[in-house]
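Enquirer:
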Amino acid sequence: MTRTLVVGAGGLGGPLALALAAAGHELAIVDPDTVELSNLHRQIQFTAADLGLPKATRLAARVGGTGTVAPWAPALGDAVDLIVDASDDPATKFAIADWAVANGRRYVIASALRFGGNVFAGAPGVACYRCLFEEPGEGPTCADAGVLGPVVGAIGGVAAAVAISLAMNDRTLAGALLVFDDLRRVAEPRIVRFAPRSGCSACARAPITPQPKEIPDAEHSRSQRSS
Amino acid sequence: MPSIRVPSALRNITKGASDVDVDAPTVRDALAALEKLYPGIAARLLDGGGAVRPFIKIFVGPDDIGGLAGLDTKVGARDEIAIVPAIAGGADA
Chain R
45 MTRTLVVGAG GLGGPLALAL AAAGHELAIV DPDTVELSNL HRQIQFTAAD LGLPKATRLA
105 ARVGGTGTVA PWAPALGDAV DLIVDASDDP ATKFAIADWA VANGRRYVIA SALRFGGNVF
165 AGAPGVACYR CLFEEPGEGP TCADAGVLGP VVGAIGGVAA AVAISLAMND RTLAGALLVF
225 DDLRRVAEPR IVRFAPRSGC SACARAPITP QPKEIPDAEH SRSQRSS
Chain Y
31 MPSIRVPSAL RNITKGASDV DVDAPTVRDA LAALEKLYPG IAARLLDGGG AVRPFIKIFV
91 GPDDIGGLAG LDTKVGARDE IAIVPAIAGG ADA
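Residue numbers (the working numbering), protein chains in the order written: chain R, 45 to 271; chain Y, 31 to 123.
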């Protein structure tokens with residue numbers, strides 16, 4: 045059974061946790077926030093009965109697994125095989141990706157905004173999230189650009205599908221970013237592939253020797269580090 | 031005439047336009063033309079020195095311009111220039 049950490053129990057985390065639990069993943073869910081009325085239009089795992097209660101424990105009660113009322117912390121990654129980021133914080137996304145690269149874990153970074161979203165599939169031996177987006181920026185957030193409620197469900201579902209593929213050692217999408225530009229009009233993603241970036245600070249900390257939880261691909265890993 | 035694909039996240043600046051045709055020989059010129067049409071968008075894409083911001087990626091067709099000639103990458107009449115930003119929306123708003 046794959047042990048998966050879901051970081052964020054909101055609009056993205058809800059549907060992907062439901063899907064991963066149904067697929068047999070053993071889930072650990074973390075989120076520091078409580079359910080608010082303004083969440084309910086897109087965080088459909090919650091009802092008015094959950095208002096004021098911690099998202100992590102309420103979602104865990106629904107799908108199974110453990111819920112921890114806290115933000116991401118590296119210690120949370122130690123006990124899992126796979127990490128799925130469904131947070132709304134750029135720094136958290138980079139921190140998770142960097143930790144996963146340094147510790148040989150597979151990971152998924154999911155984001156939704158306005159009418160679309162991005163899903164990145166991370167695995168040892170391929171270009172990482174920081175190879176693509178070098179550092180957290182001042183990009184738009186849901187707070188200033190908004191998000192259409194059903195979009196987070198769709199992107200969360202895609203993130204779950206990608207996570208299941210990675211858990212099954214399917215490397216088809218490893219190192220790729222799926223870009224859904226406007227789900228009201230086009231459901232087909234642009235699949236962005238890119239090479240490891242020379243000088244990437246995260247890849248410089250990647251283990252040369254495959255870790256026990258790593259998908260075997262040692263040659264690629266060595267060439268990535270030496271570039 | 032090359033076309034710039036504006037991401038959903040930045041269409042509040044382009045008044046909802048998703049595809050903007052520009053007459054330009056390079057990516058740099060294309061972005062300058064986009065700025066003329068929609069003032070303020072260049073500052074979201076480029077830093078004070080004119081370099082692409084780290085959390086923005088620009089592709090010509092399937093290729094990251096970082097692996098080509100950067101902003102000086104030439105574009106043809108049928109090329110699509112895609113802007114892909116890192117976005118952070120998810121758990122809350």
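Note that CB positions come from ideal geometry on N, CA and C, so glycine has one too.
As the structure is a computational prediction, the values presented were derived from the model and not from experiment.
Can you tell me whether valine 52 of chain Y is helix, strand or coil according to DSSP?
Expert: Three-state result, valine 52 of chain Y: coil.
Enquirer: Could you tell me whether the segment 122–134 of chain R touches the segment 87–101 of chain R, where touching means 3 or more Cβ pairs closer than 8 angstroms?
Expert: Contact fails: fewer than three Cβ-Cβ distances are below 8 angstroms.
Enquirer: Can you tell me whether lysine 66 of chain Y is helix, strand or coil according to DSSP?
Expert: Helix, per DSSP.
Enquirer: Are glycine 161 of chain R and alanine 144 of chain R close, meaning C-beta to C-beta below 8 angstroms?
Expert: Contact flag unset, no.
Enquirer: Under 8 angstroms between C-beta atoms, does leucine 103 of chain R make it to chain Y?
Expert: Leucine 103 of chain R does not count as touching chain Y.
Enquirer: Report the option in R:Ile208, R:Arg215, R:Ala211, R:Val202 whose CA atom is closest to the CA atom of leucine 222 of chain R.
Expert: The shortest C-alpha separation from leucine 222 of chain R is found at R:Val202.
Enquirer: Going along chain R in order, which residues have a C-beta closer than 7 angstroms to the C-beta of arginine 83 of chain Y?
Expert: Within 7 angstroms Cβ-Cβ: Gly181.
Enquirer: Please state whether the Cβ-Cβ distance between glycine 181 of chain R and arginine 83 of chain Y is less than 8 angstroms.
Expert: Cβ distance < 8 angstroms, so glycine 181 of chain R and arginine 83 of chain Y count as in contact.
Enquirer: Smallest Cα separation from alanine 135 of chain R: which of R:Glu179, R:Asp77, R:Val196, R:Gly111?
Expert: Answer by Cα proximity: R:Glu179.
Enquirer: Specify the secondary structure class of aspartate 94 of chain Y as computed by DSSP and reduced to three states.
Expert: It is a strand residue.
Enquirer: At which residue ranges does the segment 185–249 of chain R contain complete beta strand (DSSP E) runs of 3 or more residues, listed in the order of the chain?
Expert: Counting whole runs of 3 or more residues, the segment 185–249 of chain R contains the beta strand (DSSP E) stretches 220–224, 234–237.
Enquirer: Which same chain residues end up closer than 7 angstroms to alanine 123 of chain Y when comparing Cβ atoms and leaving out the 5 residues on each side of it in sequence?
Expert: Summary for alanine 123 of chain Y: the model assigns pLDDT 37, below 50, so the residue's position carries little reliability; its value from the coordinates is reported in the next sentence. There are no such residues.
Enquirer: Mind checking if valine 124 of chain R is an interface residue toward chain Y, Cβ cutoff 8 angstroms exclusive?
Expert: No, no contact with chain Y.
Enquirer: Hey, could you find the ends of the alpha helix (DSSP H) arginine 174 of chain R is sitting in?
Expert: 173–176 is the extent of the alpha helix (DSSP H) around arginine 174 of chain R.
Enquirer: By the three-class DSSP mapping on this structure, what secondary structure does asparagine 147 of chain R have?
Expert: Asparagine 147 of chain R: coil per DSSP, three-state reduction.
Enquirer: Looking only at its own chain, which residues have a Cβ that is under 6 angstroms from the Cβ of glycine 200 of chain R, when we skip the five neighbours before and after it?
Expert: So the qualifying residues of the chain are Leu56, Pro59, Leu60.
Enquirer: Can the beta-carbon of isoleucine 235 of chain R be found less than 8 angstroms from the beta-carbon of alanine 211 of chain R?
Expert: Cβ atoms of isoleucine 235 of chain R and alanine 211 of chain R: not closer than 8 angstroms.
Enquirer: Can you tell which of Y:Ala47, Y:Ala81, Y:Asn42, Y:Val52 has the C-alpha that lies nearest to the C-alpha of valine 105 of chain Y?
Expert: Closest option to valine 105 of chain Y, Cα to Cα, is Y:Val52.
Enquirer: With 16 other CB atoms within 10 Å as the buried threshold, where does lysine 45 of chain Y fall?
Expert: Per the 10 Å Cβ criterion, exposed.
Enquirer: Near serine 155 of chain R, what residues of its chain come up, given a Cβ to Cβ distance below 6 angstroms and the 5 sequence neighbours on each side ignored?
Expert: Here the set comprises Gly161, Asn162.
Enquirer: Cβ atoms of aspartate 226 of chain R and serine 38 of chain Y: under 8 angstroms apart, would you say?
Expert: Contact flag set, yes.
Enquirer: Since glutamate 110 of chain Y and glycine 91 of chain Y should fall inside the 8 angstroms C-beta cutoff, what is the C-beta to C-beta distance between them, to a whole number of angstroms?
Expert: Correct: roughly 6 angstroms between the Cβ atoms.
Enquirer: What residues of chain Y sit near proline 134 of chain R, judged by a beta carbon separation below 9 angstroms?
Expert: Going along chain Y in sequence order, the residues near proline 134 of chain R (Cβ under 9 angstroms) are Phe85, Ala116, Ile117, Ala118.
Enquirer: If distances are taken between C-alpha atoms only, which option among R:Arg158, R:Leu120, R:Leu157, R:Phe177 comes closest to arginine 149 of chain R?
Expert: If we check each option's Cα against that of arginine 149 of chain R, R:Leu120 comes out closest.
Enquirer: Can you say whether alanine 121 of chain Y is buried or exposed, counting buried as having 16 or more other CB atoms within 10 angstroms of its CB?
Expert: Confidence at alanine 121 of chain Y is low in this model, with a pLDDT of 46, below 50, so the placement of that residue should be treated as unreliable; the coordinate-derived value is given next. Buried: at least 16 other Cβ atoms inside 10 Å.
Enquirer: Is it buried or exposed, glycine 109 of chain R, if we count other Cβ atoms within 10 angstroms and call 16 or more buried?
Expert: That one is buried.
Enquirer: With a 10 Å radius around its C-beta and 16 neighbouring C-beta atoms as the bar for buried, classify alanine 93 of chain R as buried or exposed.
Expert: It counts as exposed.
Enquirer: Quick one, which of R:Pro233, R:Asp142, R:Phe164 has its alpha-carbon nearest phenylalanine 224 of chain R's?
Expert: If we check each option's Cα against that of phenylalanine 224 of chain R, R:Pro233 comes out closest.
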